[in-house]
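>
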Amino acid sequence: MVEQSLWMQKVAADPGHSQWYIERFRQMARAGDDLAGEARFVDAMAARGARILDAGCGPGRVAGLLATAGHDVVGVDVDPELIEAAGQDHPGPRYLVGDLAELDLPSRGIAEPFDVIVSAGNVMTFVAPSTRVEILRRLRNHCADDGRTVIGFGADRDYDFDQFLDDAATAGFAVDLLLGTWDLRPFTGDSDFLVAVLRPGQREA
Ligand SMILES: C[S@@+](CC[C@H](N)C(=O)[O-])C[C@H]1O[C@@H](n2cnc3c(N)ncnc32)[C@H](O)[C@@H]1O
């Protein structure tokens with residue numbers, strides 16, 4: 001067993017949390033808000049009909065749009081209520097409940113590797129801190145040798161960007177590109193958000 005994710009600890013403390021989150025995104029969609037920035041970014045990176053994993057897909061906002069764009073998408077999330085909503089609100093991808101710290105898609109009948117793995121919406125700050133490196137290792141192992149993994153999260157969420165980049169290197173990733181936003185602004189010392197485009201690299205000895 002792995003340490004419970006911070007997200008599921010929140011859900012345990014407040015059983016209405018998942019529905020609140022689902023409804024928040026439904027309301028934004030009804031209001032016509034742009035919820036597609038991350039999906040546009042990933043679509044621009046991917047060949048047509050790419051195999052894409054949305055790691056921590058939540059209610060399917062990113063995964064669903066990528067499936068609509070013609071990609072073969074798998075979404076994994078630890079929260080069963082969010083996965084149920086994903087199937088209702090954004091059908092198309094294959095959605096699975098699972099903790100990324102135990103990610104082993106071949107054992108669930110889904111072949112690796114993926115051309116692009118995306119983890120948007122601060123997922124890495126909601127996992128249990130003790131599982132961060134293991135999650136990155138598993139993402140690296142599910143990423144094609146010539147594939148990319150894109151991870152985005154904000155500052156001031158108890159996961160320093162430098163620590164994340166060290167953890168990514170430990171897990172076997174090399175940095176391709178660091179950005180400060182999903183609309184391609186550069187990452188600087190003042191950035192309050194990081195979008196890291198990682199490629200499989202050398203594992204540390
Ligand atoms: C703020 S939500 C973002 C959801 C989605 N990526 C998006 O951008 O709309 C954070 C998500 O991380 C998921 N999560 C947190 N820890 C996880 C873990 N260990 N394994 C899988 N999913 C996890 C939560 O269940 C939740 O759906």
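For the sequence shown, the UniProt record's numbering assigns the number 1 to the initial residue and increments by one for each residue that follows. Glycine is no exception: its CB is placed at the ideal position from the N, C-alpha and C atoms.
#1: Which residue marks the beginning of the beta strand (DSSP E) containing residue 53, and which one marks its end?
#2: Shortest alpha-carbon distance to residue 113 belongs to which of 70, 196, 6, 148?
#3: Check the C-beta distance from residue 62 over to residue 118 and give it rounded, since I have them as a contact under 8 Å.
#4: Can you find at least 3 beta carbon pairs, one from the region 100-109 and one from the region 123-141, that sit closer than 8 Å?
#5: Mind checking whether residue 85 and residue 66 have CB atoms under 8 Å apart?
#6: Start and end of the alpha helix (DSSP H) containing residue 125?
#7: Over the uninterrupted beta strand (DSSP E) stretch that includes residue 152, give me the two end residues.
#8: So residue 82 and residue 18 are supposed to be a Cβ contact under 8 Å. How far apart are they, rounded?
#9: Is residue 120 helix, strand or coil by DSSP?
#10: In the DSSP assignment, find the beta strand (DSSP E) that holds residue 73 and state where it starts and stops.
#11: With DSSP run on the structure shown, which of helix, strand or coil describes residue 115?
#12: With which residues is residue 140 paired in a DSSP beta bridge?
#13: What is the DSSP secondary structure of residue 133, counted as helix, strand or coil?
#14: Roughly how many angstroms separate the alpha carbons of residue 52 and residue 35, rounded to a whole number?
#15: What first and last residue would you give for the alpha helix (DSSP H) that runs through residue 61?
#16: Only counting the same chain, and skipping five residues up and downstream in sequence, which positions put a Cβ closer than 6 Å to that of residue 90?
#17: How big is the Cα-Cα spacing for residue 73 and residue 122?
#18: Determine the burial state of residue 124: buried for a count of at least 16 other Cβ atoms within 10 Å of its Cβ, exposed for fewer.
#19: Please say whether residue 55 and residue 78 have beta carbons closer to each other than 8 Å?
Per the coordinate set shown:
#1: First-last of the beta strand (DSSP E) with residue 53: 51-55.
#2: Taking each of 70, 196, 6, 148 in turn and checking the Cα distance to residue 113, the smallest one comes out for 148.
#3: Confirmed, Cβ separation roughly 6 Å.
#4: Counting Cβ pairs under 8 Å, three or more are found: they touch.
#5: For the pair residue 85 and residue 66, the CB atoms are not nearer than the 8 Å cut-off.
#6: For residue 125, the enclosing alpha helix (DSSP H) has its first and last residue at 123-126.
#7: Its beta strand (DSSP E) spans residues 143-154.
#8: The pair is a contact, with the Cβ atoms about 6 Å apart (cut-off 8 Å).
#9: If DSSP states are grouped into helix, strand and coil, residue 120 belongs with coil.
#10: Unbroken beta strand (DSSP E) run through residue 73: 72-77.
#11: Correct three-state label for residue 115: strand.
#12: DSSP lists no partner for residue 140.
#13: Note: residue 133 maps to helix in three-state DSSP.
#14: Cα to Cα, the separation comes out at about 18 Å.
#15: Residues 61-68.
#16: Here the set comprises 60, 64.
#17: Each residue's alpha carbon lies about 20 Å from the other.
#18: Counting Cβ neighbours within 10 Å, residue 124 comes out buried, since at least 16 surround it.
#19: No. Outside cutoff.
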